[in-house]
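Asker: Per our numbering, residue 4 is the first one in the sequence shown, and the count goes up by one each step.
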Amino acid sequence: MNHLKIYIVEDDPLISFTIETALKKHGYGICGSADNFQEAFSEIQQQNPDLVLVDIQLDGEKDGVDLAEKLDRLEIPYIYLTSQTDPHTIKRVKETRPLGYIVKPFTENGLRSSIEIAWNNYKNDEEYISFSTNNELYKIKQSQILYLKAFDNYCYVITAEREYLVPKTLKFLASQLNSEKFTKTHRSYFVNLLKIESLKTDSLLINNVEIPVSNSKKNQLRQLLHRP
């Protein structure tokens with residue numbers, strides 16, 4: 004799990020430094036940090052982190068809850084960093100969708116454990132995948148997905164019933180899938196292992212559609228399928 008790319012939003016420089024140091028010690032990647040809404044929101048859109056740690060109280064007019072509302076729309080998971088907050092803020096927090104809460108002051112082990120538990124719960128809820136397209140929100144079972152196909156900075160989600168063109172990258176959507184049931188066969192494809200009908204030298208077949216298999220993925224794919 005230490006491959007996670009984390010962005011830190013915290014207005015206390017000492018706490019921010021402490022978090023960054025502790026997470027790097029445990030192998031996490033830190034892709035940036037900020038102490039205010041504007042800078043954080045701008046950099047998060049550029050960096051596309053796996054997870055954001057959001058302090059509720061930030062410098063400036065907009066606070067961490069304002070940022071969390073934006074992250075919900077972008078479908079970027081986050082955890083709140085909290086201390087005592089007023090009733091009005093708590094009410095606003097309840098209207099957002101954090102993975103969890105880390106209460107200040109915290110220990111290094113407490114920080115790591117909170118992130119691990121929250122992320123594992125997030126990944127265990129992965130029997131479904133959620134995405135927005137054409138101003139509509141969809142939540143479908145992963146078992147219904149045949150494969151994902153990259154299309155520039157978009158991605159097709161292919162099921163037996165229909166295709167969805169989602170304004171997210173293949174990498175982003177694939178990160179939400181159960182890695183035991185899906186695998187990358189080519190730079191442009193992620194496939195559902197349970198949907199593979201046949202495997203050829205340079206391709207595989209799913210629902211009568213031929214999908215390329217790159218040379219670097221052949222042996223791995225055969226091992227996953229337990230085929231000679």
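All residues carry an ideal CB built from backbone N, CA and C; glycine is no exception.
1) From which residue to which residue does the beta strand (DSSP E) around SER19 run?
2) Starting from PRO215, follow its DSSP beta bridges and name the residues at the other end.
3) What's the call for TYR104, buried or exposed, on a 16-neighbour Cβ count within 10 Å?
4) Kindly list the residues whose CB is nearer than 7 angstroms to the CB of ILE209, restricted to its own chain and excluding five residues on each side of it in sequence; keep chain order.
5) Give the list of continuous alpha helix (DSSP H) stretches no shorter than 4 residues that lie fully inside the stretch 26-90.
6) Measuring only the C-alpha atoms, how far is ASP15 from LEU227?
7) Quick check: what's the CA-CA separation for ILE33 versus ILE47?
8) Return helix, strand or coil for PHE175, following the three-state DSSP convention.
9) Counting along the chain, where does the alpha helix (DSSP H) carrying ASN195 start and finish?
10) Do LEU54 and TYR81 have their beta-carbon atoms positioned less than 9 angstroms apart in this structure?
11) In the DSSP assignment, the alpha helix (DSSP H) including LEU228 goes from what residue to what residue?
Answerer: Straight from the coordinates:
1) Careful: SER19 lies outside any beta strand (DSSP E), inside the alpha helix (DSSP H) at 16-28.
2) SER206
3) exposed
4) LEU149, TYR150, VAL194, LYS198, ILE199 and GLU200
5) 40-50 and 67-77
6) 47 angstroms
7) 12 angstroms
8) helix
9) Taken as a continuous stretch (DSSP letters only), ASN195 belongs to no alpha helix (DSSP H), being part of the beta strand (DSSP E) at 192-195.
10) yes
11) 221-228
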